[in-house]
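In what follows, a structure is listed as C-alpha cells, so that the remarks can point back to it.
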Amino acid sequence: MNKSIYRFAQCMIVLGLATYLAEKWISGRLSFYINPRFVVFTWIGIIGLAIMAVIGLNPLFAEKQSLIDSQNKTEPKKQKTNMVVVFLLPLIVAFLGLSATVILPMYFLVIVIGLTRLTKFHTDQNGQPQLSEISGAALILLAIPLILGVIVPARPLSTSSLNTRGMSLSAPVSIGQQSIQTMEIAPDDRTVLDWIKIINYEQDLSPYLGKSANVIGFVYHDPRLKTDQFMVGRFVITCCAADAFAIGMAVDWPDSANLVDNSWVNVKGTVDVLTIDGQKVPVIHAQAVNPIQAPEQPYLYP
Amino acid sequence: MKHSFSLFQTKYHHLLIIGSVLALALLAMFLSYWPDSANVWSTFTTVFLGIFIEAMPFLFLGTVASGFVEVYIDQDAIRRFIPQSPVLSALLGSVLGLFFPVCECGVVPLVRRLFRKGLPIPAGIAFLLAAPVVNPIVILSTATAFGFGKILFMRVGFTVLIAIITGLVFTVIPTQWEILKPTLWITPETCDLHDHQHDNPIAEMPLTQFQKIKQVFQIALDEFFEIGRYLVLGGLIAAGLQAFIPQSILLDIGKGPVLSVLVMMGLAILLSICSTVDSFVALGFIGVFSTGSVLGFLLYGPMVDIKSILMFSRVFRPRALLYMVIIPFMLFLLISVSLNYFMIW
Chain W
1 MNKSIYRFAQ CMIVLGLATY LAEKWISGRL SFYINPRFVV FTWIGIIGLA IMAVIGLNPL
61 FAEKQSLIDS QNKTEPKKQK TNMVVVFLLP LIVAFLGLSA TVILPMYFLV IVIGLTRLTK
121 FHTDQNGQPQ LSEISGAALI LLAIPLILGV IVPARPLSTS SLNTRGMSLS APVSIGQQSI
181 QTMEIAPDDR TVLDWIKIIN YEQDLSPYLG KSANVIGFVY HDPRLKTDQF MVGRFVITCC
241 AADAFAIGMA VDWPDSANLV DNSWVNVKGT VDVLTIDGQK VPVIHAQAVN PIQAPEQPYL
301 YP
Chain X
303 MKHSFSLFQT KYHHLLIIGS VLALALLAMF LSYWPDSANV WSTFTTVFLG IFIEAMPFLF
363 LGTVASGFVE VYIDQDAIRR FIPQSPVLSA LLGSVLGLFF PVCECGVVPL VRRLFRKGLP
423 IPAGIAFLLA APVVNPIVIL STATAFGFGK ILFMRVGFTV LIAIITGLVF TVIPTQWEIL
483 KPTLWITPET CDLHDHQHDN PIAEMPLTQF QKIKQVFQIA LDEFFEIGRY LVLGGLIAAG
543 LQAFIPQSIL LDIGKGPVLS VLVMMGLAIL LSICSTVDSF VALGFIGVFS TGSVLGFLLY
603 GPMVDIKSIL MFSRVFRPRA LLYMVIIPFM LFLLISVSLN YFMIW
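Set out below in C-alpha cells:
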C-alpha cells in the first residue's frame with residue numbers, strides 16, 4: 001500500500017471514530033456503553049483523535065510546497081492553503097447535533113475529496129517521523145468499532161443478555177455507607193438498586209417493609225419465580241457495558257404472563273421480602289403495573 | 303536487514319487478517335444458529351463498544367506519552383537515571399508508574415518506546431506489570447472502592463513484589479533480543495529519528511517546538527494503530543465470551559478457597575476491564591466470593607487479561623510472553639490461596 005494512502009486511511013478512521021463518539025455523546029446514547037462519570041475521558045479521546053488526524057493529514061497536503069522550497073534551498077514558506085480543516089467538517093457537524101443521515105454522506109464526501117487531492121507522501125520532510133510499518137490488518141481492525149458502531153443500531157443491553165449473565169439477586173455493589181444513604185431517599189424515589197441495597201444490607205428491615213414502592217425497570221420472567229410473578233429489573237453499570245449486571249425486584253402481578261420480556265414498566269405497590277435460593281429478595285405486591293417508554297438513561301450507576 | 307523484518311511482518315499480518323476474517327465468519331455462522339440472534343448480536347456490539355469507548359482515551363494518552371518519550375527524552379538520560387543493578391532497576395521500574403500514570407492500555411506503547419531508548423529489561427518488565435496498579439489514578443480508585451485498608455495496601459504491595467520478581471527472572475537472559483520482538487531489534491543508531499535524513503538539506507535544521515509536538519502526535523497516530531488493533535481484537539474476544547458463554551458456569555464452580563481464586567483470576571482475564579475501574583467491579587464480588595479471590599482478581603487482572611496479552615505480543619517473543627503470563631499467575635495464586643487459608647478478614 002502506498003504510504004500516503006495508508007496515512008490518509010489512518011487519519012480518516014481516527015476522524016471517523018471521533019465523529020462517531022461526538023455523535024453518540026450529543027445524542028445522549030454514549031450512556032448505552034459507558035458510565036456517564038467517564039464521559040470526560042471520552043472528550044479527551046475525541047479531542048486527541050481529532051488532533052492526531054489533523055497533524056497526520058497536514059503533511060499529505062502541504063508537502064509539495066515544502067519540497068519545492070527545499071529544492072530552491074529557501075526557507076519553507078508558510079503554507080498558504082490548508083485544506084485540512086475541511087476534514088473536520090463531519091466532526092463539527094456531529095457536534096452541532098445533526099443526525100447520522102447528514103454526517104455519513106458528508107464523511108464519505110470528505111474522503112473522496114481527500115483522495116482526489118492526495119499528494120505524494122514524503123517522509124524526508126523536516127521533522128517527519130518514519131512510518132513504522134504499513135499494516136492493512138491494523139486499518140481493518142481499527143475500522144471495526146467504527147463499522148459496528150455505524151451499522152448496528154445503538155441499543156442498550158437487553159434481557160437477552162441475561163441468557164448468559166443471569167439476574168443477580170443480591171446487591172454485590174454496595175458497601176455500608178452507601179446503604180445508609182438510601183434511608184434518606186424518599187420511598188417513592190428509591191430505585192430498584194436502592195431497594196436491593198436496603199434488603200441486603202440493613203439489619204432491621206421493619207421500617208421498610210410495607211412501605212410504598214414506585215420503580216421503573218424492564219420486565220424479565222426469571223425461571224426461579226412463579227407464573228404470577230415477574231422481575232422488574234435494571235442493569236447496573238460501574239464502568240462500561242462489559243461489567244454490567246442485572247438486578248431486579250420480584251413483582252406479584254396476576255397478569256404477569258402477558259407482559260413481554262424487555263418491555264419497560266412502572267410498578268407501584270408495597271414492599272415485602274421473599275426468599276429465593278436462600279437469598280432475600282425484595283418483592284412488590286403490585287397495585288399497578290403500567291407500560292412506559294424506555295428511559296433515556298437505561299442503566300443505574302452504583 | 304530492514305527487508306527481512308518487513309517480510310516477517312507481512313507474513314504475520316496476513317495471518318492476523320486471515321485470523322480475524324475467520325473469527326468473524328465463525329461468529330456469523332454461530333449467530334445464525336443462535337436463537338434470538340439479533341439480540342445477542344446487539345449485546346455483543348454493545349459490550350464490545352463499551353470496552354473500546356472506555357479504553358480508547360487511555361490508549362490515546364499512552365501513545366502520546368510514548369511520542370513524548372521518543373521526541374523529548376534521549377537515551378543518555380535513561381542510562382543516567384536507571385541504576386545498573388538489576389534489583390535496583392526492577393525496583394525503580396515497579397514504581398515508575400507513579401510518575402507515568404498509565405493503565406494497561408497505555409503502558410504497552412510506552413514501555414516499548416522506553417526499551418528502544420535503552421531501558422533495562424528488568425526495569426521495563428517490572429514497569430509494564432506494575433504500572434497499571436502502582437499509579438495515582440488506580441490507587442485513588444481502589445481507595446474509593448475499598449477504603450484505605452488492607453485491600454489497598456496488599457494490592458499495591460503484592461503487585462510491586464511480583465512485578466520485581468518477574469522482572470528479575472528475566473535478568474538470566476544474556477541479551478534483550480531473546481525476549482523482544484524483532485520489530486524492536488534495531489540498534490540505537492538506526493532507530494535514531496534524524497539518521498535517515500542526513501542527505502536531506504532541510505533535515506539539518508533543528509526542529510522548532512511546534513514541529514516537535516507535531517512529531518509526538520504523528521508517532522502517537524502510528525502507535526494508536528499498532529497497539530490499538532490488539533485492543534480491538536481483545537475487546538471482540540471478551541465481548542464474544544460475555545455474549546455467548548454463560549457466566550453462571552464460572553460462578554457455580556467458584557466456591558471453595560482454591561477454586562474461587564482460580565475462577566476470579568479467570569474472570570479477570572476474560573472481562574478485560576481497565577485497571578482504573580476494576581476495583582468497583584471487584585467490589586461487586588465481595589460477599590459472593592472469598593476475599594482472597596477478590597484480591598486475586600485485583601492483582602492479576604491489571605497485569606494480564608485478553609487485551610493486554612494481545613498487546614504484549616506486539617513487544618515480546620512468544621516464550622517471554624508465556625513467562626510473563628505464567629509467573630505472576632502462579633505467584634498470585636499462591637498469595638491469594640494462602641490468604642484464604644491463613645488470614646482472618
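First to last, the sequence lines map onto chains W and X.
Quick note on the numbering used here: the first sequence kicks off at 1 and runs consecutively.
Quick note on the numbering used here: the second sequence kicks off at 303 and runs consecutively.
Quick reminder that beta carbons are idealized off the backbone N, C-alpha and C, glycines included.
C-beta atoms of residue i and residue j nearer than 7 Å
{"i": "X/C405", "j": "X/S577", "result": "yes"}
{"i": "X/A432", "j": "X/S396", "result": "yes"}
{"i": "X/P699", "j": "X/V435", "result": "Chain X is shown only over 303 to 647; residue 699 of chain X falls outside these bounds and no answer can be derived."}
{"i": "W/M249", "j": "W/I284", "result": "yes"}
{"i": "W/W253", "j": "W/A288", "result": "no"}
{"i": "W/T212", "j": "W/P187", "result": "The residue you asked about is not Thr; residue 212 of chain W is Ser in the sequence shown. Closer than 7 Å, so yes."}
{"i": "W/Y220", "j": "W/T275", "result": "no"}
{"i": "W/F41", "j": "X/P438", "result": "no"}
{"i": "X/P411", "j": "X/I529", "result": "yes"}
{"i": "X/F527", "j": "W/Q10", "result": "yes"}
{"i": "X/T461", "j": "X/S581", "result": "no"}
{"i": "W/V300", "j": "W/V236", "result": "Looking at the sequence shown, residue 300 of chain W is not Val but Leu. A contact, by the Cβ cut-off of 7 Å."}
{"i": "X/T347", "j": "W/V150", "result": "no"}
{"i": "W/I34", "j": "X/I355", "result": "yes"}
Under the three-state DSSP convention, the category residue i falls into
{"i": "W/V102", "result": "helix"}
{"i": "W/E292", "result": "In the sequence on display, residue 292 of chain W carries Ile and not Glu. In the structure shown, W/I292 sits in a strand (DSSP, three-state: E or B)."}
{"i": "W/R234", "result": "strand"}
{"i": "X/K419", "result": "coil"}
{"i": "X/L495", "result": "Note that X/L495 has pLDDT 44, beneath the 50 cutoff, so the model's placement of it is unreliable and the number below is only indicative. Three-state DSSP puts X/L495 in a helix."}
{"i": "W/Y107", "result": "helix"}
{"i": "X/K483", "result": "coil"}
{"i": "X/M645", "result": "coil"}
{"i": "X/T477", "result": "coil"}
{"i": "X/F591", "result": "strand"}
{"i": "W/L274", "result": "strand"}
{"i": "W/Y208", "result": "coil"}
{"i": "W/S247", "result": "Reading the sequence as shown, one finds Ile at residue 247 of chain W and not Ser. Three-state DSSP puts W/I247 in a strand."}
{"i": "W/M83", "result": "coil"}
{"i": "W/Y301", "result": "coil"}
{"i": "X/I488", "result": "Below a pLDDT of 50, predicted positions are generally treated as unreliable, and X/I488, at 45, falls in that range; the measurement from the model is reported next regardless. Coil, per DSSP."}
{"i": "W/Q279", "result": "strand"}
{"i": "X/S610", "result": "helix"}
{"i": "X/S387", "result": "coil"}
Buried or exposed by the 16-neighbour rule on C-beta atoms within 10 Å, applied to residue i
{"i": "W/S174", "result": "Annotation note: pLDDT 41 at W/S174 (below 50); position unreliable, coordinate value reported separately. By the neighbour-count rule (16 or more Cβ atoms within 10 Å), W/S174 is buried."}
{"i": "X/Y643", "result": "exposed"}
{"i": "X/Y247", "result": "What is shown of chain X runs 303 to 647, which leaves residue 247 of chain X out entirely."}
{"i": "X/L645", "result": "Checking the displayed sequence, the identity of residue 645 of chain X turns out to be Met instead of Leu. Exposed: under 16 other Cβ atoms inside 10 Å."}
{"i": "X/Y374", "result": "exposed"}
{"i": "W/E184", "result": "exposed"}
{"i": "X/I575", "result": "buried"}
{"i": "X/Q499", "result": "In this prediction, X/Q499 has a pLDDT of 40, which is less than 50 and means its spatial position is unreliable; what the coordinates show is noted afterwards. The residue is buried, with at least 16 neighbouring Cβ atoms inside 10 Å."}
{"i": "W/T227", "result": "exposed"}
{"i": "W/Q279", "result": "exposed"}
{"i": "X/M566", "result": "buried"}
Proximal residues to residue i (C-beta, below 8 Å), its chain only, five neighbours per side dropped
{"i": "W/V215", "result": "R190, T191, V192, W195, V232, M249, N266, V267, I284"}
{"i": "W/I103", "result": "T19, E23, P90, V93, A94"}
{"i": "X/F519", "result": "V366, G369"}
{"i": "X/R619", "result": "E480, I481, L482, K483"}
{"i": "X/L454", "result": "I441, T444, A445, F448"}
Chain-order list of residues whose beta-carbon lies under 7 Å from that of residue i (same chain, five-residue window excluded)
{"i": "W/I13", "result": "L139, L142, A143, L146"}
{"i": "X/P424", "result": "P388, S391, A392, G395, G469, L470, F472, T473"}
{"i": "X/I571", "result": "V606, D607, I608"}
{"i": "W/S28", "result": "Here residue 28 of chain W turns out to be Gly, not Ser, going by the sequence shown. Cβ neighbours of W/G28 beyond the five flanking positions: E296."}
{"i": "X/I629", "result": "T468, V471"}
{"i": "W/Y107", "result": "G16, T19, P90"}
Bridge-paired residues (DSSP) for residue i
{"i": "W/D229", "result": "Going by the sequence as given, residue 229 of chain W is Gln instead of Asp. DSSP, once it has assigned bridges, lists W/D252 as partnering W/Q229."}
{"i": "W/G269", "result": "W/A213, W/A286"}
{"i": "W/C240", "result": "W/I34"}
{"i": "W/W264", "result": "W/F218, W/I292"}
{"i": "X/F618", "result": "X/L482"}
Sequence-distant residues of its chain with Cβ nearer than 6 Å to residue i (five each side left out)
{"i": "X/F634", "result": "G598, L601, Y602"}
{"i": "X/L612", "result": "Y532, L535, G536"}
{"i": "X/V560", "result": "V639"}
{"i": "X/R414", "result": "V617"}
{"i": "W/I46", "result": "A18, L21, A22"}
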